[in-house]
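The structure appears below as C-alpha cells.
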Amino acid sequence: MKNITVREWIEKFNHGEFDNEDFETQCAAGWYDWFCSTKTLAKKLKKMGNIIKDIKNDYILDNFRVWFKNNCPCSYPLYDDFRFEPIKENKEDADDDVRNRLYFGVQCGHPYGSDYMYEIFTGRYGYDIEFKCKNKKEVLQVIDQLAKDFEKEKHTVIKK
731 MKNITVREWI EKFNHGEFDN EDFETQCAAG WYDWFCSTKT LAKKLKKMGN IIKDIKNDYI
791 LDNFRVWFKN NCPCSYPLYD DFRFEPIKEN KEDADDDVRN RLYFGVQCGH PYGSDYMYEI
851 FTGRYGYDIE FKCKNKKEVL QVIDQLAKDF EKEKHTVIKK
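Shown next as C-alpha cells:
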C-alpha cells in the first residue's frame with residue numbers, strides 16, 4: 731500500500747478509482763487485512779469512504795494516510811474500521827513516537843449491541859476507545875476535534 735495523503739485518497743475515491751472489486755484495486759485503496767470475501771471489500775469501502783470524503787480539516791487531509799481493516803473478534807461478528815496514521819511531508823512513515831501519539835481509528839457498525847454505531851480509538855490513550863458516536867456527523871466532529879488537539883501539541887508537528 732502506497733503512502734498517499736487522505737486528500738489524495740479522497741480524490742481517487744471520488745473519481746471511482748477504488749470501485750473495482752479485484753484484489754489489486756482494493757489493496758491500492760488501503761485494505762490491509764480482512765476475513766471476509768475480497769469481493770465485498772469495495773462495498774465496505776464505499777460505506778466508509780462516504781464518511782472520509784467529508785473530512786474538511788487540512789491537518790488530517792495533508793498529514794495522514796488512511797487504511798482499512800476487517801476485524802474478526804473471537805466472540806463477535808466481523809466488523810470494519812478505518813485508521814489514520816501520520817506521514818511526513820515526503821510521504822514516508824512518521825517515527826514511532828509521533829505515530830503512537832497521533833494514530834487513531836474509527837470502528838464501524840458495532841456488533842456488540844452498543845447504542846453507538848461508531849467507536850473511535852486513539853494512540854494517545856493506549857488505543858482504547860475514546861469516543862462513541864451515533865452517526866456520521868458526530869464522527870466528523872470528533873475527527874475535527876482530534877485534528878485541533880493534535881495541532882495544539884507543538885512537538886507533534888510532522889517534520890520533513
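Quick note: the sequence shown uses this note's numbering, first residue 731, plus one each step. Heads up, the beta-carbon is just placed ideally off N, CA and C, and yes, glycines get one too. Bear in mind that the values here come from a model prediction, so they are computed numbers and not experimental data.
Pair within 8 Å by beta-carbon distance, residue i and residue j
i       : j       : result
Glu-849 : Lys-862 : yes
Asp-874 : Asn-787 : yes
Phe-700 : Thr-770 : What the structure shows of the chain is the stretch from 731 to 890, and residue 700 is not part of that stretch, so it cannot be assessed.
Ala-772 : Asn-750 : yes
Arg-813 : Gly-779 : no
Gly-853 : Leu-832 : yes
Val-736 : Ile-781 : no
Same chain only: Cβ atoms within 7 Å of residue i, ignoring 5 sequence neighbours per side
i       : result
Thr-725 : Look at the range of the chain in this structure, 731 to 890, and you will see that residue 725 is not part of it.
Spatial neighbours of residue i in its chain, beta-carbon cut-off 6 Å, leaving aside the 5 residues before and after
i       : result
Ile-740 : Lys-783
Lys-742 : none
Residues bridged to residue i (per DSSP)
i       : result
Pro-816 : Phe-794
Lys-732 : Its beta-bridge partners do not exist; DSSP assigns none.
Residues near residue i by beta carbon distance below 8 Å, same chain, minus five either side
i       : result
Cys-766 : Lys-774, Asn-800, Leu-808
Query raised in the report: Does the count of Cβ pairs from the region 752 to 764 and the region 788 to 805 closer than 8 Å reach three?
Result: Contact between the region 752 to 764 and the region 788 to 805 is present, with at least three C-beta pairs closer than 8 Å.
Query - Complete alpha helix (DSSP H) runs within the region 748 to 782 (minimum length 4 residues, chain order) - result: Those alpha helix (DSSP H) runs which fall completely within the region 748 to 782 and span 4+ residues are 753 to 759, 771 to 782.
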